[in-house]
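Chemist:
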Amino acid sequence: MPVTMLDGLGFVADPLDRLSYRRDDADEVARLRARDDARAILIARDMPLLLKSGAGLDPMLPMSEIVRLGGARVEALMGVEPGGAPVFAVLLGDEAVEEQSDSSDGFLDRRVLIVPGRDDLKLIDLRSIAAGGLVPPGQASMLGSAKALMHWHARRRFCSNCSALTEVAAAGWRRECPVCKMQHFPRTDPVVIMLAVDGDACLLGRQPRFPKGMYSALAGFVEPGETIEAAVRREILEEAGVACGEVRYFASQPWPFPSSLMVGCFAEAQNRALEVDRVELDDARWFSREETLALLERRHPNGLTAPIQMAIAHHLLKRWATEGASFR
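When you read off a place in the sequence shown, starting at 1, and then add 12, the result is the number in my numbering.
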């Protein structure tokens, strides 16, 4: 169930029973796939296909659409919904869709993709789907899982040990090398996203790819052999030159762009002196509580903004601005 204190946070609903204990049972997977109520989440070139209907947009398509759209490169059993309907994720071939234009800016995926001859199908990038609330939260979470898993399949076809072409196994949750017998599993990259705070001020930065005027919490990948706490301290020190002491966990969020887990934390800053890494950041500065609320509410006098409600950064800022962050 979604955490109520983070209402609106994207990709956390996770309504499926993932049936991980049945993935190696090929007969059971085939039985689930053959059910009349089985539905498919179709992914092509990293974008979900949605069916236009009178009620809006539906990401859950009949299994028969797989053949109509040229067949699957990969299928994976995602699980069953609370009502018992099986859900599969499907990676279509690139040839199933055509790209009409691409004005992506490094932050937003602005490609315009179409399915030739299918005006009833629409491709929309996942960030826009979640930000616009175009589908219910549970479906958005399923789309996130499907997109991340299919992204992995599309880019991990060959064995990293011997370079042989691997085969799909475990209902789409494993790839196996027929030559060296190595098994490969989908990866999730842990990322710390943290708000350094000192009394009535918090530290925010903006990356070059951010929309104009947007500031957010600092973030970075956890390195091998590193704890979450150590990664928080290292990233803040590297990007802004601020040393931090105690670190407190806040919440986490799956982030399928392409496949990360955002680990939200607060960090106790030991000073407010800044030494900004201009390679990583355009700018970093301290914001008061009132300024932070103004960012969140889109009323900052300088037109500055914060991430929207679907992102965990929004909730880090909101929690601190309204309730603070205790380190005692």
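Glycine residues also receive a C-beta, built at the ideal position from the N, C-alpha and C atoms.
#1: When DSSP builds the beta bridges, which residues end up paired with E93?
#2: Between A279 and G217, what straight-line distance do the alpha-carbon atoms span, to the nearest angstrom?
#3: Taking the straight line between their C-alpha atoms, what separation do you get for R311 and S228?
#4: Does the beta-carbon of P220 have 16 or more other beta-carbons within 10 angstroms, so that it is buried, or is it exposed?
#5: May I ask you to list the residues that DSSP assigns as paired with K134?
#6: Tell me the rounded alpha-carbon separation between A143 and C171.
#7: Please report the straight-line C-alpha distance between H163 and M72, rounded to a whole angstrom.
#8: Do L21 and L146 have their C-beta atoms closer together than 9 angstroms?
#9: For E287, count neighbouring Cβ atoms within 10 angstroms of its own Cβ and tell me buried if that reaches 16, exposed if not.
#10: Tell me the residue span of the beta strand (DSSP E) that contains M206.
#11: With H, G and I counted as helix, E and B as strand and the rest as coil, what does DSSP make of M274?
#12: Can you give me the start and stop residues for the alpha helix (DSSP H) that D39 sits inside?
#13: The beta strand (DSSP E) spanning R186 covers which residue range?
#14: Beta-carbon separation of D106 and A183 under 9 angstroms?
#15: Please name the residue in E93, V102, F222 and I78 whose C-alpha comes closest to that of A25.
Modeler: In short, the structure shows the following:
#1: In DSSP, E93 forms no bridge with anything.
#2: 15 angstroms
#3: 16 angstroms
#4: exposed
#5: L62
#6: 36 angstroms
#7: 19 angstroms
#8: no
#9: exposed
#10: D201 to D210
#11: strand
#12: A38 to A46
#13: R186 to E188
#14: no
#15: E93
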